[in-house]
Amino acid sequence: MRRAAAVVLIAAAAPGTAHAHAFATGRDAYGNFLEGAGVALGSPGLLLPVLSISVALGLWQREGLLKAWPHALAGSLLGLAVAPLTGPWIALTAMGLGLLLAVLAALVPLARVSAALPWLAALAMAATLAAALEGHTFGEIPHATRVGLLFGAHFGLAAGAGLVRLVRDRLDYPATIIGWRVMASWLAAILVLYLAFSVAGPGA
Amino acid sequence: MTRFYATLAAIPLVLVASAAMAHTDTSAGGFVSGFKHPVAGWDHVVAMVAVGLWGAFLGKPAIWMLPVVFPLVMALGGALGVLGVPVPMVEAGIALSGVVLGLLIAFAVRAPLWVAAVIVGLFAIFHGHAHGTELPEAANPFAYGIGFVIATGLLHLAGIALGLLVGSQAGRVVVRGAGAAIAAAGAAFLFGFA
Numbered sequence: 001m002r003r004a005a006a007v008v009l010i011a012a013a014a015p016g017t018a019h020a021h022a023f024a025t026g027r028d029a030y031g032n033f034l035e036g037a038g039v040a041l042g043s044p045g046l047l048l049p050v051l052s053i054s055v056a057l058g059l060w061q062r063e064g065l066l067k068a069w070p071h072a073l074a075g076s077l078l079g080l081a082v083a084p085l086t087g088p089w090i091a092l093t094a095m096g097l098g099l100l101l102a103v104l105a106a107l108v109p110l111a112r113v114s115a116a117l118p119w120l121a122a123l124a125m126a127a128t129l130a131a132a133l134e135g136h137t138f139g140e141i142p143h144a145t146r147v148g149l150l151f152g153a154h155f156g157l158a159a160g161a162g163l164v165r166l167v168r169d170r171l172d173y174p175a176t177i178i179g180w181r182v183m184a185s186w187l188a189a190i191l192v193l194y195l196a197f198s199v200a201g202p203g204a
Numbered sequence: 205m206t207r208f209y210a211t212l213a214a215i216p217l218v219l220v221a222s223a224a225m226a227h228t229d230t231s232a233g234g235f236v237s238g239f240k241h242p243v244a245g246w247d248h249v250v251a252m253v254a255v256g257l258w259g260a261f262l263g264k265p266a267i268w269m270l271p272v273v274f275p276l277v278m279a280l281g282g283a284l285g286v287l288g289v290p291v292p293m294v295e296a297g298i299a300l301s302g303v304v305l306g307l308l309i310a311f312a313v314r315a316p317l318w319v320a321a322v323i324v325g326l327f328a329i330f331h332g333h334a335h336g337t338e339l340p341e342a343a344n345p346f347a348y349g350i351g352f353v354i355a356t357g358l359l360h361l362a363g364i365a366l367g368l369l370v371g372s373q374a375g376r377v378v379v380r381g382a383g384a385a386i387a388a389a390g391a392a393f394l395f396g397f398a
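These protein sequence lines map, in sequence, to chains A and B. What the first sequence shows, in the working numbering, is residues 1 to 204, in sequence order. What the second sequence shows, in the working numbering, is residues 205 to 398, in sequence order.
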């Protein structure tokens with residue numbers, strides 16, 4: 001128990017570049033919703049992990065998204081709930097988990113990690129949603145913004161996995177899977193570079 | 205079916221649609237800057253084409269595994285460069301990549317997949333590091349990263365396209381000749397003739 005508390009304290013005290021998103025409060029509920037969705041879809045640090053998850057799930061199985069969606073949704077809700085307890089490290093964690101999924105999608109036959117993939121997706125979604133709200137205390141952000149974040153992230157997830165499935169269905173060749181694995185490696189490479197720039201900070 | 209392909213082709217255009225910013229990519233960190241980095245230097249170009257070429261020469265699964273491994277490891281090298289982690293003999297490593305990969309193609313060396321991946325990955329670190337250190341002020345790392353990775357991928361595809369000629373006897377000669385030319389270009393960079 002004491003060790004767990006120490007880990008939390010170290011994590012909270014660990015220095016890092018702030019990645020928090022500034023939300024403009026005081027709008028109507030729909031404006032807040034749109035702002036949340038816009039942050040989820042417009043921030044590379046959030047969108048890249050979501051796209052990595054979607055490509056991995058789309059490559060895993062034809063119905064991969066549907067099988068893992070309950071996990072991803074539960075992870076997202078957990079992420080929104082614990083966001084105020086996180087620090088700047090959560091943004092890097094989200095990108096790291098997105099990177100892990102993109103690398104798995106690029107290099108590993110995903111049937112080998114079937115059991116772990118939905119849970120990895122849940123973990124990555126949790127980190128991504130927590131990163132979206134990182135630095136904001138409980139009650140500071142309107143509920144409509146949180147719903148918008150949730151919607152935006154899951155819209156990106158569905159659109160990405162849907163596109164993978166659509167292309168796989170319409171272009172039913174072995175090269176299609178290879179093409180998506182190459183795309184996953186590109187996603188991973190972009191994430192690596194983005195992670196490096198995020199760690200190095202604005203002066204890098 | 206045609207409409208499907210047209211729609212599919214239009215999706216990326218819709219996703220990347222943004223305000224017009226013609227000729228604004230003068231800073232170090234935009235899409236154009238990222239795209240230009242891998243294609244601006246011939247030492248980079250010949251090595252990346254060689255990766256695709258050797259992959260095509262080795263056949264499945266190397267034909268796609270090498271172009272998957274290279275951008276991944278190159279991005280790691282780029283990250284080291286961005287973070288200021290030193291890597292020794294980067295320029296020599298880049299020039300040597302052209303020599304080694306070119307010779308492997310010219311002599312039609314059929315290395316096991318893991319050996320090929322290790323060779324390609326090792327050289328990718330040098331290429332990535334060179335790009336990473338040349339970017340002290342990245343204005344838009346996201347756009348830069350996309351441009352950087354797409355350009356690299358397209359160079360691999362160019363190599364793969366050329367490498368698919370190995371299906372015919374004459375094509376094999378062309379591909380092995382291209383390997384020899386790549387090795388010569390790498391040697392020219394290595395010994396300071398280019």
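The C-beta atom is built at its ideal place from N, Cα and C for all residues, glycine as well. From a predicted model like this one, the values you see are computed outputs, not experimental measurements.
**Message:** Quick check on Met225/B - is its C-beta less than 8 Å from some C-beta in chain A?
**Reply:** Bear in mind that the predicted position of Met225/B carries a pLDDT of just 34, short of 50, making it unreliable; the figure below should be weighed with that in mind. Not closer than 8 Å to any Cβ of chain A, the Cβ of Met225/B fails to qualify, so no.
**Item:** Nearest candidate by alpha-carbon position, reference Ala116/A, set Ser185/A, Leu47/A, Leu57/A, Ala29/A
**Value:** Leu57/A
**Request:** Please list, in chain order, all residues of the same chain as Gly148/A whose beta carbon is under 7 Å from its beta carbon, the five residues on each side excluded.
**Result:** Asn32, Phe33, Leu34, Glu35, Gly36, Ala37
**Item:** Boundaries (first-last residue) of the alpha helix (DSSP H) holding Leu85/A
**Value:** Counting along the chain, Leu85/A falls outside any alpha helix (DSSP H), and DSSP gives it neither H nor E.
**Val55/A at chain B interface by Cβ criterion, 8 Å** = no
**Item:** Phe311/B (DSSP reduced to helix, strand or coil)
**Value:** coil
**Asked** Leaving out five residues before and five after Leu307/B in sequence, what residues of the same chain have Cβ atoms less than 6 Å from its Cβ?
**Response** Ala387
**Item:** Element boundaries [alpha helix (DSSP H), containing Thr93/A]
**Value:** 89-107
**Item:** Nearest residue (CA-CA) to Phe346/B, options Asp28/A, His21/A, Pro44/A
**Value:** Pro44/A
**Asked** Got a sec: does the ligand ZN put a non-hydrogen atom nearer than 7 Å to the Cβ of Ile364/B?
**Response** As presented, the structure is devoid of all ligands, the ligand ZN included, so that no description of it is given.
**Message:** Any beta carbon of chain A sitting closer than 8 Å to that of Phe346/B?
**Reply:** yes
**Span separating the alpha-carbon of Leu47/A from that of Ala153/A** = 7 Å
**Message:** Could you check whether the Cβ of Pro290/B sits closer than 8 Å to any Cβ belonging to chain A?
**Reply:** no
**Request:** Apply the 10 Å Cβ neighbour rule to Thr228/B and answer buried if 16 or more other Cβ atoms are within range, or exposed otherwise.
**Result:** Any answer about Thr228/B is weak, because its pLDDT of 40 lies below 50 and its placement is not dependable; what the coordinates show is given next. Exposed: under 16 other Cβ atoms inside 10 Å.
**Message:** Please report whether the beta-carbon of Ser185/A lies at a distance below 8 Å from any beta-carbon of chain B.
**Reply:** yes
**Prompt:** Should Pro44/A be flagged as near chain B, meaning a C-beta pair shorter than 8 Å?
**Reply:** yes
**Message:** Please report the straight-line C-alpha distance between Met225/B and Tyr348/B, rounded to a whole angstrom.
**Reply:** For Met225/B, the predicted model reports a pLDDT of 34, less than 50, meaning its position is unreliable; a value from the coordinates is still stated below. Cα-Cα distance, rounded: 15 Å.
**Request:** Taking only beta carbons into account, state which residues of the segment 111-143 of chain A come closer than 8 Å to chain B, listed in chain order.
**Result:** none
**Prompt:** Roughly how many angstroms lie between the CA atoms of Leu77/A and Ala144/A, to the nearest whole one?
**Reply:** 14 Å
**Item:** CA-to-CA distance, Ile364/B to Ile323/B, given in whole angstroms
**Value:** 17 Å
**Prompt:** Name the chain B residues whose beta carbon is nearer than 8 Å to that of Tyr194/A?
**Reply:** Pro345, Phe346, Gly349
**Asked** From the beta carbon of Arg165/A, is the nearest beta carbon of chain B less than 8 Å away?
**Response** no
**Request:** For Gln373/B, name the three-state secondary structure that DSSP assigns.
**Result:** helix
**Request:** Give the C-beta separation of Phe274/B and His360/B to the nearest angstrom, bearing in mind that I take them to be a contact with Cβ-Cβ under 8 Å.
**Result:** 7 Å
**The alpha helix (DSSP H) enclosing Val289/B, as first and last residue numbers** = No alpha helix (DSSP H) contains Val289/B, which DSSP labels as neither H nor E.
**Request:** Determine, using beta-carbon pairs with one atom in the segment 129-141 of chain A and one in the segment 67-85 of chain A, whether at least three such pairs fall under 8 Å.
**Result:** yes
**Request:** Please name the residues in the segment 263-277 of chain B whose beta-carbon is closer than 7 Å to at least one beta-carbon of chain A, in chain order.
**Result:** Trp268, Pro271, Val272, Pro275, Leu276
**Request:** Following the continuous alpha helix (DSSP H) through Ile323/B, name the residue where it begins and the one where it ends.
**Result:** 317-337
**Prompt:** Alpha carbon to alpha carbon, how far is Ser52/A from Gly282/B?
**Reply:** 20 Å
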